[in-house]
Amino acid sequence: MIKILRLTICLIAVVLCILLSGCMEAIQLKERAIVQGIGIDKEDDEYSVTIQIFTPESAGGKSSFDAYKLNNKIVNTKGDTITGCLFKATTELGKTVFLGNNELIVIGQKAAEKGIEEILEFFNANHETRPKTTILIAEGKAEDIVSAQIKGGIVPANAIEMIVQTATKNGLVGNYYMLNLITDIQKGFSSPFAPIVKKESKEGQDMVSIIGSMCFDLDKSQKQLSSIQTRGILWIRDEINYALLTVREQKNITVRISESTTDINVELRNNIPHFKIKIGCSGGSNEKTENNDNVEKICSGAIQAEVRGVLDLMLKEEKLDVFKFGDYLNKYEYKYWLENKSKWKEIMPTCTYEIEVDVRIDRTNLVSYPENAVSK
Amino acid sequence: MVIDNRQFIVLLFVSRIFTILTFVPQHSAVNGSIVLISLLLSAVIQVLLLIPIYFYLKRHPMDIIDYASSKNKIVGIIIAIFFFVFTIAVTANTVSHFQFFLTSAIYPQSNSLIFILIFITVICYSAYMGIEAFTRFAGFIFVFALISSIVVGISLYENYDLLNLINPFHKGIAPIFSGSISGIVNNTELVILLLLAPMVKKNVIKSAIWWLLISLIAFECITFGTLTVLGEFASTQLFPVYSLSSISEMSIFKRLDLLHMTLWFFIAFIRASLYIFLAAHSLKKIIPTKYAIIICGIVATALSILFSYRLEFMEMISKIISSGVFMILGAVVIPLIFLPKEKKT
């Protein structure tokens, strides 16, 4: 009798373990709409949300999806709030919209002009969205970017992400995540910036390319920069991992910058902030150089010109601090910053700076150039 | 019912780390960078606060409630009520914080009542098994916490921005003092040292100093991480340490916040088990009953439901617990009252 009782208790325990494994209703994978990219447009206070959902397309056989197919479905909804739009998408699809896998948020040009804080607030408050989600600004509508059918990834959003990552590695854009944008907006004196993407069609195929960066005045888009101007910012912010510089020394030479560090010192001169920017980089070239010292000088000059150009433009004309200069003042000239933080926009154009660039060509290629060799 | 000193350190550390996980340096009364220094000062003051407990235990190495009862039965009951109220309030606060985290960050559409009921049932069972049982488990959690913190810390190496750290002495030393006071009053484990002391094999004070040192290191590392990695972003987050783990990724593992969720669950379990165990221990001294844990479970459930009903209630009870009143009474006043030695007749 006791044996039967023990067995029954064990059986009940096992059944309870199976039935009570979790505190909420289980959602099957097929009941989820897994968002891979999301586009937000805003016109006349109405949101238009475009989501790209992972929809596996099988190539037949045993595989559940074919990586060469586009594997996605586009859904567009309109509403007063982003939550409302996503709810409409949920009812339209008959699936729960899941943002946990989303790595791309594209914001339309008009929405960016109106202010992105409200949009970012939604994603920041959403428990599924990761703080490290990439933010892109669309030239035109975000819907065009998210609905573009680009090949190259498992889904088109994947391909866009790879384009951004490659551009970031090559020092053409800063990979600006949601958390960076929110941080800068939160500070109130720092201007965030994010890559701008554009949709094109070549031979009937959709393409998305990065055309530069959008700089914000707090949360409103203000100034569009080219990739070279963006690189100027990245030199100053010490965010260059790799860059290609093409310079002319008797012939065109491309120098690969594979290491770069920037040191910024701030001091007050006549109660005006003076920034000393020291950039040190090293790299090599695949082209034969006649005089390395000369190439180094030319490269230094080129970087200096990029940096000076963007400093003049952003501080003196646009009055946007995309360089974290406010943070340097906060850290090293705290008393001054405390008194002048509210006047930072007026102070910015009066700031002075000196730029020192030191380029070293210390990496060789694989070719040996004997001194007595007869060159063509 | 005795644990060794290493287990004692680990148990207190795991319980203490629960507060660290909900800690927001940018939300504190003082600037985040100041917190880094005020933590050091608060650790020193906490070591000094151990002096009354040290002298009490040196003279009367026995349960504080039993000793008080031996002097005067009513005083003994008052001391027991004090510890019961405190430990049951911390239990309910831990449970409501735990369900708040789960229903805010992980399962927003789920029913908080189910969490509370299941969780309290589990901690009651754990407390019923005794202090050795959940302390042994705390050892595993300690190792898990250490490994996962190292993994998250290393995976964030590209995100540390020292520009977010400013000179903590910019505003003078007054904010450092106020920051350290808030660090001290938040340490609820100082209050329960007297209750735990008779359950530990050897010198409790030496172990308590080790516990404070390990907690200081953990607190400093987490504060440094949230300050330098998240910067101002942390001030927009309810659970910045969770956000810290959600941005960390390693190789193909894209969401290390999973480690944090698991860790949070077990830490909450250990802390709540410890406090409900001590609540039952105190209750037994007031009403000798076999059902102390069940009564504590019912009271903790009622309080947790109340605290979870509105966010203001949860904030209110947190403020009361960390007001410093319980800390001063439990760690300073009570041991000092019972410090004098009996005169030999």
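In order, the protein sequence lines correspond to chains A and B. Numbering-wise, my numbering comes out as the position in the first sequence, counting from 1, plus 730. Numbering-wise, my numbering comes out as the position in the second sequence, counting from 1, plus 4. Positions of the beta carbon are idealized from the N, C-alpha and C atoms, including for glycine.
Legend entry - Inter-stretch contact at 8 Å, needing at least 3 Cβ pairs: the segment 285 to 297 of chain B / the segment 161 to 178 of chain B: Result no; under three Cβ-Cβ pairs closer than 8 Å.
Legend entry - Within chain B, partners of D1057(A) - CB distance below 7 Å: To locate residue 1057(A), count along the first sequence from 1; it is residue 327. Here the neighbours are L167.
Legend entry - Inter-residue Cα distance where the pair is A1032(A) and W965(A): On the first sequence, residue 1032(A) is found 302 positions in, with the first residue counted as 1. On the first sequence, residue 965(A) is found 235 positions in, with the first residue counted as 1. The straight-line gap from Cα to Cα measures roughly 12 Å.
Inset, instruction - Can you tell me which of the three DSSP states M731(A) falls into? - result: One-based indexing of the first sequence puts residue 731(A) at position 1. In the structure shown, M731(A) sits in coil (DSSP, three-state: anything other than H, G, I, E or B).
Inset, instruction - Mark Q782(A) as exposed unless 16 or more other C-beta atoms lie within 10 angstroms of its C-beta, in which case mark it buried. - result: Looking up residue 782(A) in the first sequence gives position 52. Under this definition Q782(A) is a buried residue.
Inset, instruction - Could you name the residues of the same chain whose beta carbon sits closer than 8 Å to that of M892(A), not counting the 5 residues immediately before and after it, in chain order? - result: Walking along the first sequence from the start, residue 892(A) turns up at place 162. Result list for M892(A): G882, G883, in chain order.
Inset, instruction - Give a yes or no on whether the minimum CB-CB distance between Q162(B) and chain A is below 8 Å. - result: Walking along the second sequence from the start, residue 162(B) turns up at place 158. According to the sequence displayed, residue 162(B) carries Glu and not Gln. No, E162(B) does not count as interfacial toward chain A.
Inset, instruction - Could you tell me which residues DSSP puts in a beta bridge with S931(A)? - result: On the first sequence, position 201 is the one that residue 931(A) refers to. Looking at the DSSP assignment, S931(A) forms a beta bridge with D936(A).
Inset, instruction - Report the residue ranges of all alpha helix (DSSP H) runs contained in full by the segment 23 to 77 of chain B; include only those spanning at least 4 residues, in chain order. - result: List check, alpha helix (DSSP H) in window: 36 to 63, 68 to 75.
Inset, instruction - Look at the Cβ atom of S74(B), then the Cβ atom of S308(B), and state whether they are nearer than 8 Å. - result: The sequence position of residue 74(B) within the second sequence is 70, counting from 1. The sequence position of residue 308(B) within the second sequence is 304, counting from 1. Against a cut-off of 8 Å, the Cβ pair of S308(B) and S74(B) comes out as no contact.
Legend entry - Own chain residues within Cβ distance below 6 Å of N831(A), not counting five before or after: Translated into the one-based positions of the first sequence, residue 831(A) becomes position 101. The beta carbon of N831(A) sits closer than 6 Å to the beta carbons of I764 from its chain, once the five residues preceding and following it are set aside; these are given in chain order.
Legend entry - For H1004(A), three-class secondary structure by DSSP: Residue mapping note: residue 1004(A) aligns to position 274 of the first sequence, counting from 1. Residue state, collapsed to three classes: strand.
Inset, instruction - State the Cα-Cα distance for the pair I103(B) and H285(B), rounded to the nearest angstrom. - result: The residue labelled residue 103(B) in the question sits at position 99 within the second sequence. The residue labelled residue 285(B) in the question sits at position 281 within the second sequence. Note on identity: in this sequence residue 103(B) is Gln, with Ile being the wrong assignment. When only Cα atoms are considered, Q103(B) and H285(B) end up about 25 Å apart.
Inset, instruction - Within its chain, find whatever has a CB closer than 6 Å to the CB of W214(B); leave out the 5 residues flanking it on each side and keep chain order. - result: Translated into the one-based positions of the second sequence, residue 214(B) becomes position 210. Counting only Cβ-Cβ distances below 6 Å, and skipping sequence neighbours, we find I13.
Inset, instruction - Find the residues of chain B that neighbour K1054(A), judging by a C-beta separation of less than 7 Å, and give them in chain order. - result: Counting from one through the first sequence, the residue named residue 1054(A) turns up at place 324. Ordered by position in chain B, the residues that pass the 7 Å Cβ test against K1054(A) are L167.
Legend entry - Cβ neighbour criterion (16 or more within 10 Å) applied to Q241(B): Numbered from its first residue, the second sequence carries residue 241(B) at position 237. Buried: at least 16 other Cβ atoms inside 10 Å.
Legend entry - C-beta atoms of V1025(A) and I983(A) nearer than 8 Å: Locating residue 1025(A) in the first sequence gives position 295, where the first residue counts as 1. Locating residue 983(A) in the first sequence gives position 253, where the first residue counts as 1. Cβ distance < 8 Å, so V1025(A) and I983(A) count as in contact.
Inset, instruction - Could you tell me whether the segment 969 to 977 of chain A touches the segment 1076 to 1086 of chain A, where touching means 3 or more Cβ pairs closer than 8 Å? - result: The segment 969 to 977 of chain A vs the segment 1076 to 1086 of chain A: no contact.
Inset, instruction - Kindly indicate which three-state DSSP category G187(B) falls into: helix, strand or coil? - result: What you label residue 187(B) is simply residue 183 of the second sequence in a count that begins at 1. DSSP places G187(B) in helix when its eight states are reduced to three.
Legend entry - Exposure label - R860(A); buried when at least 16 CB within 10 Å: Along the first sequence, read from residue 1 onward, the residue named residue 860(A) stands at position 130. Burial call: buried.
Inset, instruction - Round the Cβ separation of V894(A) and I940(A) to the nearest angstrom and send it over; I've been treating them as touching at under 8 Å. - result: Counted from its first residue, the first sequence places residue 894(A) at position 164. Counted from its first residue, the first sequence places residue 940(A) at position 210. That belief holds up - the Cβ atoms of V894(A) and I940(A) are roughly 7 Å apart, short of 8 Å.
Inset, instruction - Measure from the C-beta of H101(B) to each C-beta in chain A and report whether the shortest distance is under 8 Å. - result: As a position in the second sequence, residue 101(B) is number 97, starting the count at 1. No - not a single Cβ of chain A is within 8 Å of the one on H101(B).
Inset, instruction - Grab me the residues of K844(A)'s own chain with a C-beta within less than 8 Å of its C-beta, minus the 5 sequence neighbours each way, in chain order. - result: One-based indexing of the first sequence puts residue 844(A) at position 114. So the list reads K772, K950, once near-sequence residues are dropped.
Inset, instruction - Would you identify the three-state DSSP class for A842(A), choosing helix, strand or coil? - result: In the first sequence, residue 842(A) corresponds to position 112, counting from 1. The answer is helix: DSSP assigns A842(A) an H, G or I state.
Inset, instruction - Confirm, please, whether the CB-CB distance from R20(B) to N207(B) is below 8 Å. - result: On the second sequence, position 203 is the one that residue 207(B) refers to. On the second sequence, position 16 is the one that residue 20(B) refers to. Result no, Cβ atoms of N207(B) and R20(B) do not sit closer than 8 Å.
Legend entry - Per-residue burial, L150(B) [other beta carbons within 10 Å of its own, 16 or more giving buried]: Stepping through the second sequence from its first residue, residue 150(B) is reached at position 146. With fewer than 16 Cβ atoms within 10 Å of its Cβ, L150(B) is classed as exposed.
Inset, instruction - Reducing DSSP to helix, strand and coil, say where L759(A) ends up. - result: By 1-based counting over the first sequence, the position of residue 759(A) is 29. The DSSP-derived three-state label of L759(A) is helix.
Inset, instruction - Taking only beta-carbon positions, decide if I110(B) is within less than 8 Å of chain A. - result: Here the question's residue 110(B) lines up with position 106 in the second sequence. At least one CB of chain A lies nearer than 8 Å to the CB of I110(B).
Legend entry - Residue from A84(B), V126(B), Y71(B), N97(B) with nearest C-alpha to I298(B): Here residue 298(B) refers to the residue found at position 294 of the second sequence. Nearest C-alpha to I298(B) among A84(B), V126(B), Y71(B), N97(B): V126(B).
Inset, instruction - Please confirm if the segment 303 to 323 of chain B is in contact with the segment 103 to 114 of chain B, defined as three or more CB-CB distances below 8 Å between the two stretches. - result: The segment 303 to 323 of chain B makes contact with the segment 103 to 114 of chain B; the number of CB pairs closer than 8 Å reaches 3 or more.
Inset, instruction - For E833(A), count neighbouring C-beta atoms within 10 Å of its own C-beta (all shown protein chains included) and say buried if the count is 16 or more, exposed if not. - result: Sequence index remark: in the first sequence, residue 833(A) carries index 103 (1-based). With 16 or more neighbouring CB atoms inside 10 Å of its own CB, E833(A) falls in the buried class.
Inset, instruction - Step through the CB atoms of chain A and report whether any lies within less than 8 Å of the CB of I251(B). - result: Numbered from 1 along the second sequence, position 247 holds the residue referred to as residue 251(B). Chain A contact via Cβ: present.
Legend entry - Beta-bridge partners of E773(A), as assigned by DSSP: Locating residue 773(A) in the first sequence gives position 43, where the first residue counts as 1. Beta-bridge analysis with DSSP links E773(A) to E776(A).
Legend entry - Interface positions of the segment 909 to 922 of chain A facing chain B (Cβ-Cβ less than 7 Å), listed along the chain: Hits within the stretch, in order: L909, I912, T913, Q916, K917.
Inset, instruction - Label S255(B) either buried or exposed according to how many other C-beta atoms from any shown protein chain fall within 10 Å of its C-beta, with 16 as the threshold for buried. - result: Locating residue 255(B) in the second sequence gives position 251, counting from the first residue. It is exposed - the Cβ of S255(B) has fewer than 16 other Cβ atoms within 10 Å.
Legend entry - Backbone secondary structure at L800(A) - three-state DSSP: As a working mapping, residue 800(A) is identified with position 70 in the first sequence. DSSP places L800(A) in coil when its eight states are reduced to three.
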